[in-house]
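>
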Amino acid sequence: MNELRRGLIIVNTGPGKGKTTAAMGTAFRAVGNGMKVLMLQFIKGSWHYGELDAAKVFGDKFRTAILSPNTLCRFRASMAKLFG
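Following this line, the structure appears as structure tokens:
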């Protein structure tokens, strides 16, 4: 019998620090358990996160994408249409 595989979406939001670190810890655990990870970040301005450098070690099992503020606006509009 084929194993049913499902994805999981986790959204980390809020003021202050810790969101990227929390997301990376969850993602590293998933990769360590044989799963693939796609991490999307909406960032204003230019930021550098050491955690993203560490993620490169995982190669194809861990992908990241940094999205611009314009992309964030379109993303929010799409979610509003879907979820009201």
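Numbered according to the working numbering, the sequence shown spans residues 1140 to 1223.
Just so you know, even glycine gets a beta-carbon here, dropped at the ideal spot from N, CA and C.
#1: For A1161 versus M1178, is the C-beta distance shorter than 8 Å?
#2: Cβ of A1166 within 8 Å of Cβ of V1176?
#3: Please name the residue, chosen from P1154, K1156, E1142, Q1180, that lies closest to I1148 on a Cα-to-Cα basis.
#4: In the structure shown, what three-state DSSP assignment does L1147 receive?
#5: Applying the criterion that 16 or more other CB atoms from any shown protein chain within 10 Å of the CB defines a buried residue, is A1194 buried or exposed?
#6: Distance check for G1155 and G1189, CA to CA, integer angstroms please.
Answer, in terms of the structure:
#1: Residue mapping note: residue 1161 aligns to position 22 of the sequence shown, counting from 1. Residue mapping note: residue 1178 aligns to position 39 of the sequence shown, counting from 1. Contact flag unset, no.
#2: Taking the sequence shown and counting its residues from 1, the one referred to as residue 1166 is at position 27. Taking the sequence shown and counting its residues from 1, the one referred to as residue 1176 is at position 37. Cβ atoms of A1166 and V1176: closer than 8 Å.
#3: Looking up residue 1148 in the sequence shown gives position 9. The shortest C-alpha separation from I1148 is found at Q1180.
#4: Against the sequence shown, residue 1147 aligns to sequence position 8. Correct three-state label for L1147: coil.
#5: Position 55 of the sequence shown, counted from the start, is the residue given in the question as residue 1194. Buried, since its Cβ has 16 or more Cβ neighbours within 10 Å.
#6: Position 50 of the sequence shown, counted from the start, is the residue given in the question as residue 1189. Position 16 of the sequence shown, counted from the start, is the residue given in the question as residue 1155. Cα to Cα, the separation comes out at about 17 Å.
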